[in-house]
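Engineer: Before I ask anything, let me first share the structure, which is written out below as structure tokens.
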Amino acid sequence: ADPAPPAARLTFVPREGAVQSEIRVGHLGIARKADDFHAVRVMDMVLGGQFTSRLNMNLREAKGYTYGVHSSFDARRGRGPFDVGTAVEAAVTAEAVREIIAELHAIRDARPVTEEELAVAKPAITLGFPRAFETSGQVARAALRLALFDLPDDEYTTFVPRVEAVDAAAATAAARRRLDPDALAVVVVGPPEVRPSLGALGLGEPVDATPDGVDATRP
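No gaps in the numbering here: position 67 of the sequence shown is 69 in the numbering used here, and each next residue is one more.
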């Protein structure tokens with residue numbers, strides 16, 4: 003059984019002179035063999051996997067906080083990470099984190115995935131899929147992944163139909179099952195002056211760390 007997810011936590015790495023903040027938000031994701039892998043791929047494309055994603059339309063187009071924001075599930079033999087990443091102007095660091103978390107909540111509850119969003123998200127996954135097998139090296143890597151992730155021999159022939167079969171209900175169910183806004187690890191690297199605003203995010207007092215990951219508050 004998987005361990006219980008940790009409570010949300012916030013780590014801050016001060017960087018003197020920085021004009022932007024690098025933000026990473028995430029938690030444990032899925033294994034490649036997960037039954038809902040294809041639904042998760044589609045849901046993530048809606049959330050933050052393409053230019054027209056919800057995260058990008060919010061943080062870039064509506065708010066103007068960033069030039070781009072991206073989310074991804076790195077599915078592995080075991081459960082790999084889910085993360086959202088972006089760089090924003092330092093002055094809007096806390097607001098950007100708040101909007102990211104709000105989008106994670108929304109796709110699970112208030113704004114479930116729509117069929118209109120799927121009409122854009124699914125082709126973004128399937129149309130480029132054949133290009134993953136154009137060279138001998140790509141074919142070799144694809145075969146290796148079958149072995150590494152213990153996937154069935156027909157994984158690649160069924161991939162596109164399984165993506166196309168994902169409907170709005172399945173994508174929303176994947177969001178509710180695989181996104182956990184209450185168990186997020188949030189890391190911010192930015193100028194020291196943004197730290198006070200982070201404490202108001204409801205993620206607890208920021209833990210100060212150095213670039214090598216050491217807790218800067220320890221003696």
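Where a beta carbon is used, it is the ideal one built from N, C-alpha and C, also for glycine.
Predicted model, so just to flag it, every value in this text is computed and none were measured.
When you compare only the Cα positions, how much space is there between R110 and A149?
Structural biologist: Going by the C-alpha atoms only, they are around 33 Å apart.
Engineer: What are the start and end residues of the alpha helix (DSSP H) that includes V86?
Structural biologist: Element bounds for V86: not the alpha helix (DSSP H) but the beta strand (DSSP E), 83-91.
Engineer: Tell me which same chain residues have a C-beta within less than 8 Å of the C-beta of R179, skipping the five on either side of it?
Structural biologist: Here the set comprises D38.
Engineer: What does a CB cutoff of less than 7 Å around E207 pick up in its chain, not counting 5 residues either side in sequence?
Structural biologist: G201.
Engineer: Buried or exposed: P221, going by 16 or more other Cβ atoms within 10 Å of its Cβ?
Structural biologist: Residue confidence is low: P221 scores 47 on pLDDT, short of 50, so the model does not pin down where it sits. No coordinate-derived value is stated.
Engineer: Starting from E117, follow the alpha helix (DSSP H) in both directions and report where the run begins and ends.
Structural biologist: Its alpha helix (DSSP H) spans residues 117-128.
Engineer: Report yes if the C-beta distance between V48 and V90 is below 8 Å; otherwise report no.
Structural biologist: It is not a contact, given that the beta carbons lie outside the stated cut-off.
Engineer: Going by the CB atoms, is the gap between L153 and R43 shorter than 8 Å?
Structural biologist: No, they are not a contact pair.
Engineer: Please classify E24: does DSSP put it in a helix, a strand, or coil?
Structural biologist: Note: E24 maps to strand in three-state DSSP.
Engineer: Look up R11 in the DSSP assignment and give the residues it is bridged to.
Structural biologist: A187.
Engineer: Roughly how many whole angstroms lie between the Cα atoms of G19 and P132?
Structural biologist: Those two C-alpha atoms are separated by around 45 Å.
Engineer: For a quick check, are the C-beta atoms of H96 and L12 less than 8 Å apart?
Structural biologist: Residue identity check: residue 96 is Ala in the sequence provided, not His. Taking 8 Å as the Cβ cut-off, A96 and L12 do not qualify as a contacting pair.
Engineer: Thinking C-beta only, is A92 closer than 8 Å to V27?
Structural biologist: Contact: no.
Engineer: Taking 8 Å as the CB-CB cut-off, is R11 touching chain B?
Structural biologist: Absence of chain B from the displayed structure is noted, only one protein chain being present.
Engineer: For the alpha helix (DSSP H) containing S73, list its first residue and its last residue.
Structural biologist: Per DSSP, S73 belongs to no alpha helix (DSSP H); it is in the beta strand (DSSP E), 71-75.
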